[in-house]
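Per my numbering, the very first residue in the sequence shown carries number 225; after that it's consecutive.
Accompanying notes for the structure given below.
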Amino acid sequence: LYAFLFAAVFLVLGLKQKRLRVLLLTAVAAIAAVAGGKALSVALAAGDGPRIELLSVPIQQIACVYNRHAGELSEADKQAIYEYLPADLLDQYYPLLSDPIKQEAPIGDGLPAITGFMEVWAGLLPRYPGDYLDSFLTMTLGYWYPLETFHAHIYDCYDEPDTEETLGYLYTGFLEDINPDVQKRSLWPAAERYYQWFAHENGHQRIPVFSLLFAPGTYCWLMLIALVALLYFRQTRLALPLALPFGVWLT
């Protein structure tokens with residue numbers, strides 16, 4: 225929905241002669257999306273996701289500052305941080321991934337707790353803007369850097385990043401661990417072995433150039449190149465469809 229609304233702004237600005245129609249269709253589509261989502265939630269008894277997911281970036285930025293500048297932080301700063309992120313949790317800081325800290329952070333979903341945490345975050349921002357920016361760019365590396373490969377090792381044991389494991393996009397070995405009563409029976413063992421090599425063992429990463437097709441950063445640069453080219457040749461209307469994938473990328 226956020227990406228759609230982001231794209232709608234550019235459609236309204238770019239299609240001046242059809243502005244009213246675009247606004248109407250955007251409103252109808254947005255209402256339908258929200259209503260449809262609510263209806264599905266009720267029908268399937270689905271609850272809202274944890275709000276702490278919204279704090280992935282701030283949590284990572286505070287952890288970055290703490291791990292780099294703990295010696296110069298005042299005792300008051302540390303106590304304010306510890307209220308939301310205990311010291312032993314901050315020691316699990318891993319620059320590429322917020323989950324080690326985020327999943328265990330005792331912040332809670334309540335608005336007062338989130339507001340208090342953001343006040344701590346805002347207090348550190350003026351003093352460590354470079355660290356905040358560096359942390360953000362590092363944890364979003366896969367979105368804009370085509371040669372980044374962490375996305376292909378997302379199931380690695382991230383609290384032991386130096387291990388030799390290569391667990392990629394496809395990981396089926398956990399099935400029996402979760403439910404011993406479920407037995408895996410392959411009807412095409414050769415195909416299963418190929419997909420395990422290609423995705424689970426990251427075989428695609430060993431193929432030069434071809435591996436870039438699986439890097440999210442590649443498509444970021446392709447979109448940027450297409451956008452610059454279209455604007456250079458004054459093909460503004462043809463550039464409008466790029467607003468939707470850019471909206472997905474930015475949000």
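All residues carry an ideal CB built from backbone N, CA and C; glycine is no exception.
Remember, it's a predicted structure, so these values are computed and weren't measured experimentally.
Exercise for the section: Note down, in chain order, each residue of its chain lying with its Cβ closer than 6 Å to the Cβ of G427, except the 5 sequence neighbours on either side. Expected result: The count along the sequence shown starts at 1 and reaches residue 427 at position 203. Annotation for G427: W421 place their beta carbon closer than 6 Å to its own, counting only its chain and skipping 5 residues before and after.
Handout entry: Spatially closest choice to D312 from P324, V258, L249, by CA coordinates
Key = Sequence index remark: in the sequence shown, residue 312 carries index 88 (1-based). In this structure, P324 is the residue among P324, V258, L249 with its C-alpha nearest to the C-alpha of D312.
Handout entry: Cβ-Cβ distance between C288 and Y317 below 8 Å
Key = Here residue 288 corresponds to residue number 64 of the sequence shown, with the count starting at 1. Here residue 317 corresponds to residue number 93 of the sequence shown, with the count starting at 1. Taking 8 Å as the Cβ cut-off, C288 and Y317 qualify as a contacting pair.
Practice task
Measure the C-alpha to C-alpha separation of L320 and L454 and round it to an integer number of angstroms.
Solution key: Counting from 1 along the sequence shown, the entry for residue 320 is found at position 96. Counting from 1 along the sequence shown, the entry for residue 454 is found at position 230. If you take the alpha carbons of L320 and L454, they lie about 33 Å apart.
Problem - Contacting residues, own chain, Cβ-Cβ under 8 Å from P310 (five flanking each side not counted) - result: Indexing the sequence shown from 1 puts residue 310 at position 86. Closer than 8 Å at Cβ, skipping near neighbours: P330.
Exercise for the section: Assuming T475 contacts A227 (C-beta within less than 8 Å), just tell me the rounded distance between them. Expected result: Stepping through the sequence shown from its first residue, residue 475 is reached at position 251. Stepping through the sequence shown from its first residue, residue 227 is reached at position 3. The beta carbons of T475 and A227 sit about 5 Å from each other, so the pair counts as a contact at 8 Å.
Handout entry: Runs of alpha helix (DSSP H) wholly within the region 297 to 338 (minimum 4 residues, chain order)
Key = Whole alpha helix (DSSP H) segments, 4+ residues: 299 to 306, 311 to 314, 323 to 326.
Exercise for the section: For W412, name the three-state secondary structure that DSSP assigns. Expected result: The residue given as residue 412 occupies position 188 in the sequence shown. In the structure shown, W412 sits in coil (DSSP, three-state: anything other than H, G, I, E or B).
Problem - Sequence ranges, alpha helix (DSSP H) only - wholly within the region 405 to 455, length at least 4 - result: 413 to 419, all fully within the region 405 to 455.
Exercise for the section: Check whether the Cβ atoms of E372 and A450 sit closer than 8 Å, and answer yes or no. Expected result: Taking the sequence shown and counting its residues from 1, one reaches residue 372 at position 148. Taking the sequence shown and counting its residues from 1, one reaches residue 450 at position 226. Cβ atoms of E372 and A450: not closer than 8 Å.
Practice task
Please classify T390: does DSSP put it in a helix, a strand, or coil?
Solution key: The count along the sequence shown starts at 1 and reaches residue 390 at position 166. Note that T390 has pLDDT 44, beneath the 50 cutoff, so the model's placement of it is unreliable and the number below is only indicative. Reduced to three states, the DSSP call for T390 is coil.
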